[in-house]
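In order, the protein sequence lines correspond to chains A and B. If you use the numbering used here, the first sequence corresponds to residues 1 to 218, in order. If you use the numbering used here, the second sequence corresponds to residues 219 to 1212, in order. To start, the structure itself, in structure tokens.
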Amino acid sequence: MMVTAIVLADDHHFIRHGLRAVLAAEPDFLIAGEAADGIAAVALVERTRPAVLILDLLMPGLNGLEVLRQVRRRSPHTRTVVLSMHMDDAYVVQALRNGALGYVVKDASATELVQAVRAAVRGERYLSPPLSERDLEAYITAATDAPFDRYETLTNREREVLQLTAEGCTSAEAAARLSISPRTAEGHRANVMRKLGLQSQAELIRFALERELLPVKS
Amino acid sequence: MNAVRADGAKRNGRAGRSTAGGRDEAATLRQRNELLTALHETTVALMDRQALPELLQTIITRAAALLDVPHGYIFLVAPGQRTMAVHAAVGLYRERVGWTVAYGEGLAGRIWQSGQPLTVPDYSRWPGRLPGPAYADLHALAGVPLLSGDEVVGVLGLSYSERGRRFDDEQVAILGQFARLASLALEHARLHARAERELAERRQAEAELHRSEERYRRLVETAHEGIWLIDTEQRTAYVNQRMAALLGCTPAALTGASPFAFLDDEHEVDAARNGWLARRPPGGVTQRDVRFRRGDGGTLWAFVSASPLYDDREQFAGTLAMVTDITARRQAEDVLRQSESRFRRLLASNIIGIITADTERVLEANDAYLTMVGCTRADLEAGRIRWRALTAPEYHHLDDRAIAQLQTDGVCTPFEKEYLRTDGSRMPVLIGLAVQEAAPLTAIGFVLDLSARRQAEEALRKSEAAVDLLARQMPGMAWLTDTDLRITDTLGAERRSTWVNEQFADGCLLTDLIDPAGPGAPLLAAHRQALRGKSASCDLPIADQRYCARVEPLRDSRQRIVGCVGAAVDVTAQVRRAEAQRLLAETGALLADSLDYQTTLHNIARLAVPAFADWCAIDALDERGKVRRLAMVHAQPASAETPAAGAGDELARAGAGPIALAAQTGCTQYLPALDGATGATPDAATSVIAVPLVARGRALGALAFVVSNSGRRYNHDDVALVEGLAQRAAIAVDNALLYAAEQRARAEAEAARRRLQALSRKLVDIQEAERRALARELHDDFGQALTGLKLSVELRERGPEPGATPLADPLAQINELIGRVRGLSLNLRPAALDDLGLLPALLSFCKRYTAQTGVRVALHHSAVERRFARDLETTAFRIVQEALTNVARHAGVADVTVWLWSNQDALGVQVADTGVGFAKRALAAGASSGLPGMRERVALLGGTLTIDSAPGRGTRLLAELPLLGPPAERIAGSAQPAPDRVGRPKPPRTDGVT
């Protein structure tokens, strides 16, 4: 029978106690050591080279994500199952991206943890319910940087000022047309330039032309 | 000598006999006779002591005539020489007198050489002839020597120019006779000459002796010196005339007299006894100045040079005294001594300066001179007094002229010049110079201090000038009156027009001119007081001038009052200056009075009116470059109500009015006379000064003094006054503006502090509310749930009671509890914001938000997958959280859009919905409890928050947070004063549209 060496890393004594009880029930599991903070965890893993590291994401000393990165570098064969209070997809995605193989929320059942360890030994990903691959994908999509149309960020007033300015009005003229004070109009114009990342009147007119804000003269 | 002649006669006789042999008797006789005659005449001539040249000429003439030969000569040997010269000649040889031949040369030279007669038949063919054409015509020549003893002393020769004639022996013999005769004559002449010379020498010696004796005698008798011979008995042995004359006696009277009798006093007697009259003189010559008493009682000063005389046996034989009259010299010396003593006294008296000087330096000087030029004796001794350097440059030409005059005349005409004293003052002097040494030029000079005279002259001149000036330029009037107060004389008459009355002139009665009830009344009173014998003064305001008048009683020589003398001085300027000083001082005091510049300026203007202006205005320059009236005071209160509207506006009109010009250009506008320019309205300005108010280099406005009614004309003094006032007014305005700015800044700071206080209170409130909610939640929810859990666990341990409702699964209860705790925690602060950053936290939040509210969130983001500063992330998160909460609560929409972006400068977030929106007013009234908190958060970061909303048109909330934190001045707060009205800097134009 293959024995699976496991290191526990959690700053809560009770949690470690509970976990040890749960894992000891499995005859092929061997607790190789326990660590109460991130730095100790990294050192222990590097020394014992366990098959599996069960890691709390929130520990003093060294952030869990940083522990993940260091373990992946110093003990590449060790597979990590993250044990976390957080059910946020953001945490899950971050943990997985930094080398975790399993993600188990702390309020999951004891069996889920054992399943997660065994999946890790097999090299399989394990996400405890209600986490799902679909949600993770949705999150990743949502988090992907997507340049958007800055014009959208303009207020109505700013759009009016942009239009008038592009048509050739001075701030004073635009102000008169909009029945606002010249200073206010000037402020709007400055906001437009800033939001759109424009440096000059020429760039402003080019922007307006590209956005077809100006009637094309025949 | 008779023997010689007899011998000659015998020879003649012989020659006559031999000649007679070849000729007829008559011819022989004649020839003989002629020979004899010739010899006789020669002899006679010798006897007559004829002069030798004549004698020789006689001899040669006679010889030639006797022998019938045309040409002849006599050579004489020059004594001690080897040449002979022709001394006498006939015929051709006449031209040769003085001609010489050398020993052995020619016929004569041969004869000299041989001492024998010689004849030549044809000289022209004779080998020994002398060269030259002169001898070509000479043919037969005969010559005989002249002998003195054996010595040849000359040659006598004859010649024919006729060819064929020959000399025979007889002729040669006759020639010889003539030669002997000539020799005799020569000998005789020589002897005679020697006798003559000796006689002359003896005569001369005798004459010399005679003259010497004569001289000696005269010397002794008439010598200037007296000669006094004293014998061993000390009695006078001899005196010459001079000595007797010197002592005023005759020589006879003196002989035998004792010299001591002529000595003047005991002192002289003692001196003589031991000196020049000593019996045993000390030896050698004794010399002494001696004073004698003359026989006529007078005094003789004499220089006595006495020497002892010794006889053959070397025994003392007496004393010879040479006595020279030195009375004149002594007197001259006395005069000189007195003169010198006077000079010394003069020198010491220091009444006049005395110097000796060369062309450069003062060599000697007395104290008076040193005092005049302000130098010390040390300067003089060090050679530091150079008179030219001391002389004022404009007098150098006089010095030059004086030196020229000294060089030509030895003295110079005294002249006046000025010394420049070392203390810088000038010393006028009169200087006269006389040459002391000609080369190098040294002069003695007398220098007279003229300063007193100059001062007197100057004082006189000044006094005259003052009187003249007084008469012509008196700044007022002076007059005399009689006892009836009739004006008898006036001075300073051109001031009449501004004085009491234009008729104020000679002959007028003051009582007619002055109205006893008018402003001149004090003057009349003063005159009356003067007539009573007391002088009086009064001040008189006449027109816009101020006069100060003084009236004194006029008295005659017997001190009777015969009228008044009065004078009035125009003191307007002084009065005005004093008023100006007072005005400036009071203005200064006003400045310290109040910080309210309106009040201050009004007070300044009030001070100026009516003493200096009919109205005074202070205007400020506003930001549009127009003037705005700050203060105005008018002499006539009625006008102040409607502040001189027409004239004032005209003066302040932009671009043209002096007030506006002064304020805008920063230059004083001075318009002394404006009549006609502004029309004839009663209030029209006639004289204006408008001065800019300038503080810290900025024109703030203008201060104007205006004359409209009083007729006063401003002058430059007034301009200076107004400028002085303007400086103070400008300070007041500037201070006021600064004070206002500071007040504003303080108010703003106070407002900010209040906002901060309110915010703090709000934060405390929020914190308390949150704690309250948290406590309630913990107590109500978690407490209840935990109690329930405890109950069910207890029941389970006790075992199920029959019939009881099965209790909830404790595990399920625990899971629910964990979920609640997580939710609570997330609401308080999402851990993801700290652990993972803004975007993950927002994504999680939005997911939960949608799950809880059902409002869908479209989150657009760009360039925010990074960590920002913690407060930036927190603020952005809270803004979105607050905005979304508001949307869910108020907007009434199912969708909301969130934009989140960053660029190099800022993190931007915008939340927009299309919901009900709200009015700005509602927003300002605090409709949203979270918005002011948001504003504060954004402001703290130096960002901007804009909310764009209108009822029915949705809401758009935009926040931009600078990445680099707030600029320093924003942290410091908005204490910068907002520019107000004046000097506001224009922002640069950025909206230039082409």
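In this text, a Cβ means the ideal position worked out from N, Cα and C, and glycines have one as well.
How is residue i classed by DSSP in three states: helix, strand or coil?
i         : result
B:LEU911  : strand
B:ASP952  : helix
A:THR141  : helix
B:CYS766  : strand
B:GLU1015 : helix
B:ILE1189 : Note on B:ILE1189: pLDDT 38, under 50, position unreliable in the model; the coordinate value appears next. In this structure, B:ILE1189 counts as helix in the three-state DSSP scheme.
B:THR1093 : helix
B:TYR321  : coil
B:ARG1032 : Checking the sequence, you will find Ile at residue 1032 of chain B rather than Arg. In the structure shown, B:ILE1032 sits in a helix (DSSP, three-state: H, G or I).
B:MET590  : helix
B:GLU636  : strand
A:GLY168  : coil
B:LEU869  : helix
B:TYR932  : coil
B:GLY571  : strand
B:ASN652  : It is Ala, not Asn, that sits at residue 652 of chain B in the sequence shown. Strand.
A:HIS13   : helix
B:PHE396  : helix
A:ARG73   : helix
B:TYR378  : coil
Hey, residue i and residue j are a contact pair by Cβ (cut 8 Å); roughly how many whole angstroms apart?
i         : j         : result
B:TYR765  : B:ALA786  : 5 Å
B:ALA403  : B:LEU270  : 7 Å
B:GLN1099 : B:PHE1063 : 6 Å
B:GLY751  : B:THR699  : With a Cβ gap of about 15 Å, B:GLY751 and B:THR699 do not count as contacting.
B:LEU819  : B:ALA922  : No, B:LEU819 and B:ALA922 are not in contact; Cβ-Cβ is about 12 Å, not under 8 Å.
A:LEU44   : A:ALA35   : 5 Å
B:ASP514  : B:GLY466  : 4 Å
Excluding the five sequence neighbours on either side, which residues of its own chain have a C-beta within less than 7 Å of the C-beta of residue i, listed in chain order?
i        : result
A:ILE205 : ALA166
B:MET540 : GLU443, ILE445 and SER523
B:VAL487 : PHE478 and LEU481
B:LEU447 : ALA455, TYR456, GLY536 and LEU538
B:GLY493 : THR504 and ARG506
B:MET461 : GLY444, ILE445, TRP446 and VAL541
Grab me the residues of residue i's own chain with a C-beta within less than 6 Å of its C-beta, minus the 5 sequence neighbours each way, in chain order.
i        : result
B:ILE573 : VAL580, ALA583, TYR587 and GLY663
B:ASP641 : GLY592
B:PRO335 : VAL362 and VAL390
B:LEU616 : PHE633 and LYS635
So, at 8 Å on beta carbons, what are the nonlocal neighbours of residue i in its own chain, with the 5 sequence-adjacent residues on each side left out?
i         : result
B:THR517  : ASP482, ARG509, PHE510, ARG511 and THR545
B:THR450  : ARG497, PHE534, ALA535 and GLY536
B:PRO1028 : LEU1007, SER1010, VAL1011 and ARG1014
B:ALA791  : ASP935
Find the residues of chain C that neighbour residue i, judging by a C-beta separation of less than 7 Å, and give them in chain order.
i         : result
B:ARG1174 : Among the protein chains in the structure shown, which are A and B, there is no chain C.
Tell me whether the region 37–44 of chain A and the region 17–24 of chain A touch, counting them as touching only if at least three CB pairs, one residue from each stretch, are closer than 8 Å.
no
Along the region 1087–1100 of chain B, where does the CB come closer than 7 Å to a CB of chain A? Name the residues.
none
Does the region 1052–1064 of chain B come within contact of the region 1088–1101 of chain B, defined as at least 3 CB pairs closer than 8 Å?
yes
Could you tell me whether the region 927–937 of chain B touches the region 905–917 of chain B, using the rule of 3 or more Cβ pairs below 8 Å?
yes
At a cut of 8 Å, does the region 733–747 of chain B reach the region 655–669 of chain B through at least three beta carbon pairs?
no
Taking 8 Å as the cut-off, does the region 1104–1123 of chain B touch the region 1079–1091 of chain B (at least 3 CB pairs, one atom from each stretch)?
yes
Looking at C-beta atoms only, is the number of pairs between the region 81–90 of chain A and the region 123–143 of chain A that lie closer than 8 Å three or more?
yes
Could you say if the region 413–429 of chain B and the region 285–305 of chain B meet the contact criterion of at least three C-beta pairs nearer than 8 Å?
no
Taking a cut of 9 Å between CB atoms, which residues from the region 66–98 of chain A lie near chain B?
MET85, HIS86, MET87, ASP88, ASP89, ALA90, TYR91, VAL93 and GLN94
Can at least three beta-carbon pairs, one atom from the region 366–385 of chain B and one from the region 288–305 of chain B, be found at a separation below 8 Å?
yes
Are the region 871–883 of chain B and the region 827–841 of chain B in contact at 8 Å, needing three or more beta carbon pairs?
yes
Please confirm if the region 9–21 of chain A is in contact with the region 58–75 of chain A, defined as three or more CB-CB distances below 8 Å between the two stretches.
yes
Whether or not the region 1064–1075 of chain B and the region 108–127 of chain A are in contact is what I'm after, with contact meaning three or more pairs of Cβ atoms, one per stretch, closer than 8 Å; do they touch?
no
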